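Visitor: My questions all concern the structure below.
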Amino acid sequence: MFNIDMESIDLEKTYDLIVLGGGPTAIGCAIYATRFALDVLVVGKIFGGLIATTHLVENYPGITSTSGQGLMDMFKDHMNSLSIPYITDEIRSIENADDHFILHSFFQKFKAKSVVLATGSERKKLGIPGEEEFAGRGVSYCATCDGPFYKDKTVCVIGGSDSAAKEALFLSQNVKKVYIIYRGEEIRAEPINKKRVEENHKIEIIYKTNIVEIKGDNTVKSVIFDNGTEFEVDGVFIEVGAIPNSDLAKRIGVKTNEKNEIIINRKSETNIPGIFAAGDVADAPFKQAITGVAEGVVAAYSAFDYIKEMNIEY
Amino acid sequence: MAQNDKYKEIIKREMAKLTKPVKIKVFTSQRTEVDGSKIRACMDCGQFMGLLRIYEDNSNGMLTIEELSIDNNPEFAKRYDIQRVPTILFVDDNGRELIRYLAAPQGGEIQPFIQSLFTFAGAPNYYEATIKQNLDRIQPSIIKVMITETCPYCPSVVATASQFALASEGKIRTVIVDIMANPDIGQYYDASGVPYTIINDSKTLVGMVGANEILRALIGGNIKVQY
Numbered sequence: 000m001f002n003i004d005m006e007s008i009d010l011e012k013t014y015d016l017i018v019l020g021g022g023p024t025a026i027g028c029a030i031y032a033t034r035f036a037l038d039v040l041v042v043g044k045i046f047g048g049l050i051a052t053t054h055l056v057e058n059y060p061g062i063t064s065t066s067g068q069g070l071m072d073m074f075k076d077h078m079n080s081l082s083i084p085y086i087t088d089e090i091r092s093i094e095n096a097d098d099h100f101i102l103h104s105f106f107q108k109f110k111a112k113s114v115v116l117a118t119g120s121e122r123k124k125l126g127i128p129g130e131e132e133f134a135g136r137g138v139s140y141c142a143t144c145d146g147p148f149y150k151d152k153t154v155c156v157i158g159g160s161d162s163a164a165k166e167a168l169f170l171s172q173n174v175k176k177v178y179i180i181y182r183g184e185e186i187r188a189e190p191i192n193k194k195r196v197e198e199n200h201k202i203e204i205i206y207k208t209n210i211v212e213i214k215g216d217n218t219v220k221s222v223i224f225d226n227g228t229e230f231e232v233d234g235v236f237i238e239v240g241a242i243p244n245s246d247l248a249k250r251i252g253v254k255t256n257e258k259n260e261i262i263i264n265r266k267s268e269t270n271i272p273g274i275f276a277a278g279d280v281a282d283a284p285f286k287q288a289i290t291g292v293a294e295g296v297v298a299a300y301s302a303f304d305y306i307k308e309m310n311i312e313y
Numbered sequence: 000m001a002q003n004d005k006y007k008e009i010i011k012r013e014m015a016k017l018t019k020p021v022k023i024k025v026f027t028s029q030r031t032e033v034d035g036s037k038i039r040a041c042m043d044c045g046q047f048m049g050l051l052r053i054y055e056d057n058s059n060g061m062l063t064i065e066e067l068s069i070d071n072n073p074e075f076a077k078r079y080d081i082q083r084v085p086t087i088l089f090v091d092d093n094g095r096e097l098i099r100y101l102a103a104p105q106g107g108e109i110q111p112f113i114q115s116l117f118t119f120a121g122a123p124n125y126y127e128a129t130i131k132q133n134l135d136r137i138q139p140s141i142i143k144v145m146i147t148e149t150c151p152y153c154p155s156v157v158a159t160a161s162q163f164a165l166a167s168e169g170k171i172r173t174v175i176v177d178i179m180a181n182p183d184i185g186q187y188y189d190a191s192g193v194p195y196t197i198i199n200d201s202k203t204l205v206g207m208v209g210a211n212e213i214l215r216a217l218i219g220g221n222i223k224v225q226y
């Protein structure tokens with residue numbers, strides 16, 4: 000993990016498959032590909048992906064309840080049991096060299112017969128004044144990471160999704176009060192989490208409200224609503240969705256849709272032979288860890304098929 | 000400092016792979032009593048050293064932890080500007096401090112710590128070629144990484160910053176600070192989010208940042224690629 004054993008990574012050879020990403024989709028793909036006897040390398044910017052920041056995962060079949068980090072620890076153990084090498088790095092370009100691809104980061108160059116893009120997504124920003132200024136000083140995108148700093152304080156969670164609800168529930172364990180601020184009329188959490196939010200006396204939902212500015216001095220002190228009200232808070236947790244990390248894909252000519260998601264078929268194939276995609280970066284209508292892993296596994300199988308065809312001599 | 004069995008197993012398994020000798024310094028507060036016995040004066044130091052001894056005891060004799068007391072070795076404490084205990088230092092053969100830990104290498108921080116030990120002992124450094132290629136464009140720098148024990152992304156940033164320091168021939172120093180254990184440092188930088196990376200007390204990188212971003216911040220420009 001984190002390329003502890005550099006000696007196990009051969010920078011000269013052409014891997015059968017390089018998987019880009021560090022979340023459950025990428026790791027699931029790598030595990031299956033390795034079991035298909037493919038020579039696999041995983042290159043990911045963030046091990047764990049977005050799910051590592053979730054404090055509660057109760058919908059991964061087979062696991063009653065764990066944290067996101069707990070889930071990824073299990074993935075890590077499985078990966079390590081197969082000695083799959085993982086490098087913390089970010090690929091910035093991919094060249095198509097006929098029968099293989101050349102992948103470039105700022106630190107190394109790799110070669111692979113096939114590539115799976117499982118680069119996930121990143122948290123969407125609000126794009127309002129004060130958001131960037133107070134990043135890490137009252138503005139956060141990760142309750143698991145930063146919640147402990149707000150013990151006995153008042154915070155708000157912006158958003159109405161299931162993730163926003165779970166963030167609020169996690170924060171309520173430590174803070175004095177959590178306000179969920181949502182522009183809609185009803186939060187869109189899973190019914191089980193919606194019920195938990197409604198029953199939690201520390202959580203209050205403010206509906207039909209947008210935040211237009213975040214204010215403070217050294218740290219956040221208040222937010223401004225779209226009706227002009229200034230509302231005092233010590234922390235702002237932003238959970239307004241995610242945008243796919245598809246810039247690399249677009250740069251190399253992989254087709255994306257209007258939401259910048261990579262377009263894949265049922266075999267996780269993209270429009271470029273030998274390049275596959277899976278998970279949050281791809282165009283599935285419903286995105287969960289389990290669905291991402293499934294797509295990653297399909298991508299592994301498709302890569303296996305692709306390489307098998309390449310290796311056939313006529 | 001919880002040292003549960005799973006993490007102990009990870010330490011044992013990984014440290015057994017260390018094949019080259021390596022030495023680190025740990026500063027604690029120890030008094031020598033009249034009868035010659037030594038007592039650790041700082042509350043955390045005992046547990047901290049207990050954790051580090053697990054690393055040492057499972058390294059086939061390859062890891063040596065030199066415990067120095069700020070009370071009994073004031074000249075070393077002054078030389079390395081030890082302000083608080085416990086502190087771990089990676090000091091190279093030329094006496095240059097490369098990495099400083101004001102944090103316990105436990106939980107998720109086990110792996111970047113082990114990686115640093117291995118690299119310090121001579122294992123290949125993934126970032127080395129590019130760091131060296133850009134070294135003339137990097138001024139002597141300190142990377143401070145604020146972390147907490149439960150932060151899922153902190154180990155990645157710690158790993159990268161530490162590997163940069165180890166590749167930099169002494170030009171880069173990395174300081175890892177647990178800001179729950181050192182809240183005054185977190186407050187000084189107004190850090191209420193982790194990982195929180197500060198370069199030369201001027202540039203701040205908030206959240207999970209990749210190696211590219213850290214290197215760009217050190218250089219202040221585009222990265223010269225080594226291949």
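Here the protein sequences come in this chain order: A and B. Residue 33 in numbering that gives the first Met the number 0 sits at position 34 of the first sequence, and the numbers go up by one each step. Residue 61 in numbering that gives the first Met the number 0 sits at position 62 of the second sequence, and the numbers go up by one each step. In this text, a Cβ means the ideal position worked out from N, Cα and C, and glycines have one as well. Every value quoted in this text rests on a predicted model; they were computed, and no experiment measured them.
#1: Assuming A/Ser-139 and B/Gly-192 are in contact, meaning their beta carbons sit under 8 Å apart, how far apart are those beta carbons, in whole angstroms?
#2: Pop quiz: B/Pro-151 and A/Cys-155 are said to be a contact at Cβ under 8 Å. What is the actual Cβ separation, rounded to whole angstroms?
#3: Spatial neighbours of A/Leu-170 within its chain, please: C-beta separation below 8 Å, excluding the five flanking residues on both sides.
#4: What's the gap between the Cα of B/Ile-202 and the Cα of B/Gly-185?
#5: According to DSSP, is A/Gly-295 helix, strand or coil?
#6: Within its chain, find whatever has a CB closer than 7 Å to the CB of A/Glu-315; leave out the 5 residues flanking it on each side and keep chain order.
#7: Counting C-beta neighbours from all protein chains within 10 Å, is the total for A/Tyr-14 16 or more, i.e. buried, or is it exposed?
#8: Whole angstroms are fine: how far does the CA of A/Asp-151 sit from the CA of A/Pro-284?
#9: Just checking: is the beta-carbon of B/Ala-102 within a distance shorter than 9 Å of some beta-carbon in chain A?
#10: For A/Glu-57, go through chain B and note every residue whose CB falls closer than 8 Å to its CB, in chain order.
#11: Looking only at its own chain, which residues have a Cβ that is under 6 Å from the Cβ of B/Gly-220, when we skip the five neighbours before and after it?
#12: Beta-carbon of A/His-103 versus every beta-carbon of chain B: anything under 9 Å?
#13: Note down the Cα distance separating B/Ala-40 from B/Gln-29, rounded to an integer number of angstroms.
#14: What does DSSP give as the partner residue(s) for A/Leu-16 in the beta ladder?
#15: State yes or no: is the C-beta of A/Ile-86 within less than 9 Å of the C-beta of A/Gly-47?
#16: On a CA-only basis, which of B/Ser-115, B/Ile-141, B/Gln-105, B/Ala-15 is nearest B/Gly-169? Give me that one, please.
#17: With burial defined as no fewer than 16 other Cβ atoms inside 10 Å of the residue's Cβ, what is the status of A/Asp-97: buried or exposed?
#18: Using DSSP bridges, identify the partner residues of B/Lys-143.
#19: Tell me B/Thr-86's beta-bridge partners as DSSP assigns them.
#20: Is any beta-carbon of chain A found at less than 9 Å from that of B/Ala-180?
#21: List the DSSP bridge partners of A/His-103.
#22: Taking A/Ile-45 as the reference, give the member of A/Gly-273, A/Leu-19, A/Ala-298, A/Arg-187 with the closest Cα.
#23: Could you check which residue in B/Lys-11, B/Gly-35, B/Ile-38, B/Asn-59 has the C-alpha nearest to that of B/Leu-50?
#24: By Cβ distance below 6 Å, which residues in the same chain neighbour A/Ala-327 in space, the five residues on each side in sequence not counted?
#25: Taking the Cβ atom as the reference point for each residue, do A/Val-56 and A/Ile-50 lie within a distance shorter than 9 Å?
#26: To the nearest angstrom, how far is it from the Cα of A/Leu-102 to the Cα of A/Asp-9?
#27: With distance defined between alpha-carbon atoms, name the residue in A/Gly-126, A/Val-114, A/Phe-105, A/Pro-243 nearest to B/Asn-133.
#28: Check distances from the C-beta atoms of the region 138-159 of chain A to those of chain B and list, in chain order, the residues that come in under 8 Å.
#29: Between the region 196-220 of chain B and chain A, which residues of the former have CB atoms less than 8 Å from a CB of the latter, in chain order?
#30: Which of the residues in the region 42-57 of chain A, read from start to end, lie with their CB under 7 Å from any CB of chain D?
#31: Ignore the nearest five residues each way along the sequence and tell me which others in A/Gly-230's own chain have a CB closer than 7 Å to its CB.
#32: Check this for me: beta carbons of A/Thr-118 and A/Ser-245, under 9 Å apart or not?
#33: Please decide whether A/Ile-180 counts as near chain B, where near means a Cβ-Cβ distance under 9 Å.
#34: Note down, in chain order, each residue of its chain lying with its Cβ closer than 6 Å to the Cβ of B/Gly-107, except the 5 sequence neighbours on either side.
#35: At a CB-CB cut-off below 8 Å, which residues of chain B make contact with A/Asp-88?
#36: Inspect the CB distances between the region 173-190 of chain B and the region 179-186 of chain A and report whether three or more fall short of 8 Å.
Guide: This is what the structure holds:
#1: Here the question's residue 139 of chain A lines up with position 140 in the first sequence. Here the question's residue 192 of chain B lines up with position 193 in the second sequence. At roughly 5 Å, the Cβ-Cβ gap stays under 8 Å, so A/Ser-139 and B/Gly-192 are in contact.
#2: Against the second sequence, residue 151 of chain B aligns to sequence position 152. Against the first sequence, residue 155 of chain A aligns to sequence position 156. Not confirmed; about 22 Å, so no contact.
#3: Start at 1 with the first residue of the first sequence, and residue 170 of chain A comes out as number 171. Here the set comprises Ala-142, Gly-146, Tyr-149, Val-154, Val-156, Val-177, Phe-236.
#4: Counted from its first residue, the second sequence places residue 202 of chain B at position 203. Counted from its first residue, the second sequence places residue 185 of chain B at position 186. For the record, residue 202 of chain B in the displayed sequence is Lys; it is not Ile. The alpha-carbon atoms of B/Lys-202 and B/Gly-185 are separated by roughly 15 Å.
#5: Counting from one through the first sequence, the residue named residue 295 of chain A turns up at place 296. A/Gly-295 falls in the helix class under three-state DSSP.
#6: In the structure as shown, chain A begins at 0 and stops at 313. Residue 315 of chain A is therefore absent and cannot be evaluated.
#7: As a position in the first sequence, residue 14 of chain A is number 15, starting the count at 1. Buried.
#8: On the first sequence, residue 284 of chain A is found 285 positions in, with the first residue counted as 1. On the first sequence, residue 151 of chain A is found 152 positions in, with the first residue counted as 1. The straight-line gap from Cα to Cα measures roughly 39 Å.
#9: Counted from its first residue, the second sequence places residue 102 of chain B at position 103. Taking Cβ atoms only, chain A never reaches closer than 9 Å to B/Ala-102, which makes this a no.
#10: Locating residue 57 of chain A in the first sequence gives position 58, where the first residue counts as 1. Result: empty, since nearest Cβ-Cβ is about 18 Å, beyond 8 Å.
#11: Position 221 of the second sequence, counted from the first residue, corresponds to residue 220 of chain B. None.
#12: Locating residue 103 of chain A in the first sequence gives position 104, counting from the first residue. Answer yes: the Cβ-Cβ gap between A/His-103 and chain B drops below 9 Å somewhere.
#13: Working through the second sequence from its first residue, we reach residue 40 of chain B at position 41. Working through the second sequence from its first residue, we reach residue 29 of chain B at position 30. Their backbone Cα atoms lie some 5 Å apart in a straight line.
#14: For the purposes of this step, residue 16 of chain A is identified with residue 17 of the first sequence, where counting begins at 1. DSSP output for A/Leu-16 lists A/Val-39, A/Ser-113 as bridge partner(s).
#15: For the purposes of this step, residue 86 of chain A is identified with residue 87 of the first sequence, where counting begins at 1. For the purposes of this step, residue 47 of chain A is identified with residue 48 of the first sequence, where counting begins at 1. Between A/Ile-86 and A/Gly-47, the C-beta spacing is not below 9 Å.
#16: Within the second sequence, numbered from 1, the residue matching residue 169 of chain B stands at position 170. Out of B/Ser-115, B/Ile-141, B/Gln-105, B/Ala-15, B/Ile-141 has the C-alpha closest to the C-alpha of B/Gly-169.
#17: In the first sequence, residue 97 of chain A corresponds to position 98, counting from 1. In summary, A/Asp-97 is exposed, with fewer than 16 beta-carbon neighbours lying within 10 Å of its beta-carbon over all protein chains present.
#18: Taking the second sequence and counting its residues from 1, one reaches residue 143 of chain B at position 144. Paired residue(s): B/Val-174, B/Ile-197.
#19: The residue given as residue 86 of chain B occupies position 87 in the second sequence. Per the DSSP secondary-structure output, B/Thr-86 pairs in a beta bridge with B/Phe-26.
#20: The count along the second sequence starts at 1 and reaches residue 180 of chain B at position 181. The beta-carbon of B/Ala-180 is placed no less than 9 Å from the nearest beta-carbon of chain A.
#21: Reading the first sequence from its first residue, position 104 is the one you call residue 103 of chain A. In the DSSP output, where bridge partners are listed per residue, A/His-103 has A/Ser-92, A/Lys-108.
#22: Here residue 45 of chain A refers to the residue found at position 46 when the first sequence is read from its first residue. The residue with the shortest Cα to Cα distance from A/Ile-45 is A/Leu-19.
#23: Residue 50 of chain B sits at position 51 when you count from the first residue of the second sequence. Out of B/Lys-11, B/Gly-35, B/Ile-38, B/Asn-59, B/Lys-11 has the C-alpha closest to the C-alpha of B/Leu-50.
#24: Nothing in the structure corresponds to residue 327 of chain A, since chain A is present only between 0 and 313.
#25: On the first sequence, position 57 is the one that residue 56 of chain A refers to. On the first sequence, position 51 is the one that residue 50 of chain A refers to. Contact flag set, yes.
#26: Here residue 102 of chain A refers to the residue found at position 103 of the first sequence. Here residue 9 of chain A refers to the residue found at position 10 of the first sequence. For A/Leu-102 and A/Asp-9, the distance between alpha carbons rounds to 14 Å.
#27: Looking up residue 133 of chain B in the second sequence gives position 134. With distances taken between Cα atoms, B/Asn-133 lies closest to A/Phe-105.
#28: Val-138, Ser-139, Tyr-140, Cys-141, Thr-143, Cys-144, Asp-145, Pro-147, Phe-148, Tyr-149
#29: Thr-203, Val-205, Gly-206, Met-207, Gly-209, Ala-210, Asn-211, Leu-214
#30: As a matter of chain content, chain D is missing from the structure shown, whose protein chains are A and B.
#31: Against the first sequence, residue 230 of chain A aligns to sequence position 231. The sequence given here has Phe at residue 230 of chain A, not Gly. Cβ within range, chain order: Ser-221, Val-222, Phe-224.
#32: Translated into the one-based positions of the first sequence, residue 118 of chain A becomes position 119. Translated into the one-based positions of the first sequence, residue 245 of chain A becomes position 246. Cβ atoms of A/Thr-118 and A/Ser-245: closer than 9 Å.
#33: Against the first sequence, residue 180 of chain A aligns to sequence position 181. No, its Cβ sits nowhere closer than 9 Å to a Cβ of chain B.
#34: Here residue 107 of chain B refers to the residue found at position 108 when the second sequence is read from its first residue. For B/Gly-107, where only same-chain residues beyond five positions count, the Cβ hits under 6 Å are Pro-154.
#35: Residue mapping note: residue 88 of chain A aligns to position 89 of the first sequence, counting from 1. Within 8 Å Cβ-Cβ: Tyr-125, Gly-209, Ala-210.
#36: Flag = no, the region 173-190 of chain B and the region 179-186 of chain A do not touch.
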